[in-house]
Amino acid sequence: MSPAAPLVEARGVTRVLAGAVPVTLVADIDLAIGRGELTAITGPSGSGKSSLLYLLGLLDLPTTGEVLIDGRETSAMAENERAEFRLATLGFVFQFHFLLPEFSACDNIMIPMRRLGRLDAAARRERAESILASLGLAEHGHKRPDQLSGGQRQRVAVARALANDPPLILADEPTGSLDSQSSEQVFDILKTLVERDGRTVVAVTHDLDLADRMHRRIHLVDGRITEDRPAGGRASPGPTISPAGRRGAGPPADAADQRLP
Ligand SMILES: Nc1ncnc2c1ncn2[C@@H]1O[C@H](COP(=O)(O)OP(=O)(O)OP(=O)(O)O)[C@@H](O)[C@H]1O
Ligand SMILES: [Mg+2]
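Listed below in structure tokens is the structure:
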């Protein structure tokens, strides 16, 4: 991975849905997010937060502009190359867990590993169990989603996002349907992924208190960034990346030793 590049970058990204009346989801988005940053995306309903997250996560393609991940241009990738790159580099957490109901928690976590095809069956299971344990779910791997609480299900969804050890986690309202205690647990996990493991988390949230506990807040109105500023949640001086891609200090030196499995 190239040391100088921001982990995720949007350059002049606009997404327009074609139709009799074209709909602009986001327009002229320029941003650069570095490793070890915990970024909130906020804005009114319909302002384009999910649309932006899907573009940054390569689930959608810009009409114009470019999304770069770790310095790599993604628009020219062939479909299967983009899919593999996504599997290895990005983890998604949505408001609703989207776990497969007929599979156990452990099996759900192994699905992205099987798709990527880098681990054999025994190693996949071992890794899934180890991720579950690291998120306080060691006893729950055999349960189906309907046998778990909402907070546990969302933690399994986070575990699934970590399956292939991606540097970047994108979350769309990850605490939006949780009670306050579960919401706090999930937020703490996301923060730990950043501050202990040096991952990058970008999370859409309606919760302004939560947004203010992150490192940075990007605010959207009508598909455009109206504000991009530090938030109050940085524990200690860490990486800062300007839209021009200047890089500050990296994650803590010991981050690699303490990574989740
Ligand atoms: N498939 C679609 N067809 C037409 N319009 C769409 C489509 N998808 C999104 N939009 C519109 O694009 C705009 C941005 O939607 P988006 O889902 O990104 O907003 P959001 O900020 O995530 O909102 P929320 O907070 O309600 O989740 C909205 O006005 C929405 O109605
Ligand atoms: Mg949304």
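For the sequence shown, counting from 1, position 69 maps to 1483 in this note's numbering; every step adds exactly one. The beta carbon of each residue, even a glycine, is placed where N, CA and C say it ideally should be.
Quick one: is the Cβ of residue i within less than 8 Å of any heavy atom of ligand 2?
| i | result |
| --- | --- |
| residue 1618 | yes |
| residue 1586 | yes |
| residue 1591 | no |
| residue 1518 | no |
For residue i, which three-state DSSP category applies?
| i | result |
| --- | --- |
| residue 1654 | Below a pLDDT of 50, predicted positions are generally treated as unreliable, and residue 1654, at 46, falls in that range; the measurement from the model is reported next regardless. Three-state DSSP puts residue 1654 in coil, outside helix and strand. |
| residue 1554 | helix |
| residue 1496 | helix |
| residue 1586 | strand |
| residue 1561 | helix |
| residue 1507 | strand |
| residue 1516 | coil |
| residue 1532 | coil |
| residue 1490 | coil |
| residue 1577 | coil |
| residue 1473 | coil |
| residue 1451 | coil |
| residue 1619 | coil |
| residue 1592 | coil |
| residue 1549 | coil |
| residue 1542 | helix |
Any heavy atom of ligand 1 within a distance shorter than 8 Å of the CB on residue i?
| i | result |
| --- | --- |
| residue 1458 | yes |
| residue 1437 | yes |
| residue 1622 | no |
| residue 1431 | yes |
| residue 1479 | no |
| residue 1464 | yes |
| residue 1637 | yes |
| residue 1634 | yes |
| residue 1461 | yes |
I think residue i touches residue j, with their Cβ atoms under 8 Å apart; what is that distance to the nearest whole Å?
| i | j | result |
| --- | --- | --- |
| residue 1466 | residue 1443 | 6 Å |
| residue 1508 | residue 1626 | Contact flag wrong, Cβ pair sits at about 23 Å. |
| residue 1505 | residue 1580 | 5 Å |
| residue 1607 | residue 1615 | 6 Å |
| residue 1461 | residue 1637 | 7 Å |
| residue 1596 | residue 1565 | 3 Å |
| residue 1523 | residue 1574 | 5 Å |
| residue 1438 | residue 1479 | Their Cβ separation, rounded to whole angstroms, is 13 Å, which puts residue 1438 and residue 1479 out of contact at 8 Å. |
| residue 1570 | residue 1513 | 6 Å |
| residue 1451 | residue 1629 | 5 Å |
| residue 1470 | residue 1632 | Contact doesn't hold; Cβ gap of about 11 Å is too wide. |
Does the beta-carbon of residue i, which I'm using as the reference point, lie nearer than 8 Å to any heavy atom of ligand 4?
| i | result |
| --- | --- |
| residue 1514 | Questions concerning ligand 4 fall outside what the structure shown contains, since the ligands it does hold are ligand 1 and ligand 2. |
Residues bridged to residue i by DSSP?
| i | result |
| --- | --- |
| residue 1642 | 1632 |
| residue 1446 | 1423 |
| residue 1481 | 1424 |
| residue 1456 | 1633 |
| residue 1606 | Residue 1606 pairs with nothing; no bridge assigned. |
Within the 9 Å Cβ cut-off, does residue i reach chain B?
| i | result |
| --- | --- |
| residue 1582 | No chain B is present in this structure, which holds just one protein chain. |
- prompt: What residue ranges within the segment 1418-1443 form continuous alpha helix (DSSP H) runs of no fewer than 4 residues, ordered along the chain?
  reply: none
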